[in-house]
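Each remark here refers to the structure printed beneath this line.
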Amino acid sequence: MTLSTSGAHTSHARGALSSLRDIAPMPMSDHDLRGDQPSLPLDSGVADAAATALEQGQTHYVDVPGIPQLREAAARLLGAQGAACQSANIIVTAGLQEARFLTLQIVGDLAGPLVVPNVIHPGVELALDVRELAVQRVATDATRGMRIDLASLEAALQAGGRLVYVEAPVRLTGALYSEAELRAIAELAERFSAGLIIDQGLAVWADGQSPAAVLAAAGFNRLALIGELVPGLGLESWQVGYIAADTAWVPLMQSQKQIHMICTSTPSQYAALAAMEGAADSWAATRATLQDRATEALATAEVLGLRPIAGECASVLAIRPPDAEQFCARAASLGYQVSDGAAFHAPGTVRLAIDTRSSLATMLSAVVEGRA
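Positions 1 to 372 (our numbering) are the ones given, in order, by the sequence shown.
Printed below as a string of structure tokens:
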């Protein structure tokens, strides 16, 4: 895999990097509603664990795919969510964006051509834009929360697509694929000998069976699962993600990771290891709070005529206001930062983060009524 200097400049000039301006990996203020995930205050014990590791001499590069203890803990955590993977199948990445890059660019080169939804997180576009790949855009259904249209997916596979990228839940709307839909996607992939990349990073904020569990039960293994390793626990800025992949795909991704990053930050890995203790309980408690706020915000959005797009994920709400540009401008005038759906290739929509710190329903009322 190569990328010339001129190619990199051309890629940057096309604007892929600037398309991330409406997205933030973590809230920068109480009025920053651009994120995917909530962010709780960092537990002091997690920071202490990172400091202790440094004091004990963990100041050097570690294993490229991640420290063994963390990979084993990740395998246990994903296993508890239903995934069928061993620690040898896991690569700890420097955040979700590196996971996108390695799967799309490396596996895409190995197993492609790629099939990508036409409504997608701009970080995916950034990863795709690093180097030109054969990519087919598949239609999504606005009436189903921008989930992939199965007939369009079948047509793309018939046309030669061999690696399908799916966000489950969808990053724009929080829509979760049903078990039947995931099984149908797996069956189509199996029929055409295609692979799947599943971004299941938002699944911890949705009730129901995880995508990993459904695909494992279906016996589908030509697969890479990606996501944030410990979302919502205050480590967002520490950038720790994961790839849990088919055994045949791991060596090449690991090799390219060694070339590009050497290894994920050592202190971050030890912090993530500490954060994983009790993570499931923390997610459950946070999810319950988010669901209450999401229910309130959804009802308020409907009353205000903002045409919400219902999704099962409790961390985001997408709306289709009568004038999305005007809504974003009014939000900005009140000090709020929101995500314009145009960055996801869904103009006319606005994505708002739901968190535990403030009421999104109150914000929606303030923007519509033009008051601080």
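Backbone N, C-alpha and C fix where the C-beta goes; we use that ideal spot for every residue, glycine too.
Within the region 248-286, the complete alpha helix (DSSP H) segments at least 4 residues long are 250-260, 266-275, listed from N- to C-terminus.
Bounds of the beta strand (DSSP E) holding THR93 are 90-93. Look at ALA83 here: in three-state DSSP terms it is coil, with no helix or strand label. Per DSSP, reduced to three states, the secondary structure at ALA342 is helical. Within a 10 Å sphere around the beta-carbon of GLY57 sit fewer than 16 other beta-carbons, which makes this residue exposed. The three-state secondary structure of ALA244, taken from DSSP, is strand. Counting along the chain, ILE185 sits inside the alpha helix (DSSP H) bounded by residues 179-191. About 11 Å separates the CB atoms of SER210 and GLY79; that is not less than 8 Å, and the two are not in contact. A Cβ-Cβ separation of about 6 Å places VAL166 in contact with LEU196 under the 8 Å criterion.
In the DSSP assignment, PRO117 falls outside any alpha helix (DSSP H) and within the unbroken beta strand (DSSP E) covering 114-117. When only Cα atoms are considered, LEU202 and VAL230 end up about 11 Å apart. CA-CA distance, GLN258 to LEU225, rounds to 20 Å. For PRO308, the three-state secondary structure derived from DSSP is strand.
Counting along the chain, ALA353 sits inside the beta strand (DSSP E) bounded by residues 350-353. In this model, ALA142 and ASP48 are separated by some 45 Å (Cα to Cα). The beta carbons of ALA111 and ARG34 sit no closer together than 7 Å. Considering only ALA50, HIS31, PRO322, LEU153, the residue with the shortest C-alpha distance to SER265 is ALA50.
By a beta-carbon distance limit of 8 Å, SER282 does not contact VAL240. Their separation comes to about 16 Å. Cβ-Cβ distances below 7 Å link ALA139 to ASN118, ASP149, SER152 in the same chain, with the five nearest sequence neighbours on each side left out; the list follows chain order.
Around the beta-carbon of MET28, fewer than 16 other beta-carbon atoms lie within 10 Å, marking it exposed.
A direct Cα-to-Cα measurement between ARG76 and GLN291 gives close to 26 Å. Listed as beta-bridge partners of ALA318 by DSSP are ILE309, ARG351. One thing to note: ILE198 has its Cβ within 7 Å of the Cβ of ALA168. Beta-bridge annotation (DSSP): LEU225 is paired with ILE198, ALA244. Assignment of VAL214 by DSSP, reduced to helix, strand and coil, places it in the helix class. Annotation: the continuous beta strand (DSSP E) that includes ARG137 extends over 135-138. Per DSSP, the continuous beta strand (DSSP E) segment holding VAL164 begins and ends at 163-167.
Straight-line measurement puts the Cα of ARG330 at about 11 Å from the Cα of SER365.
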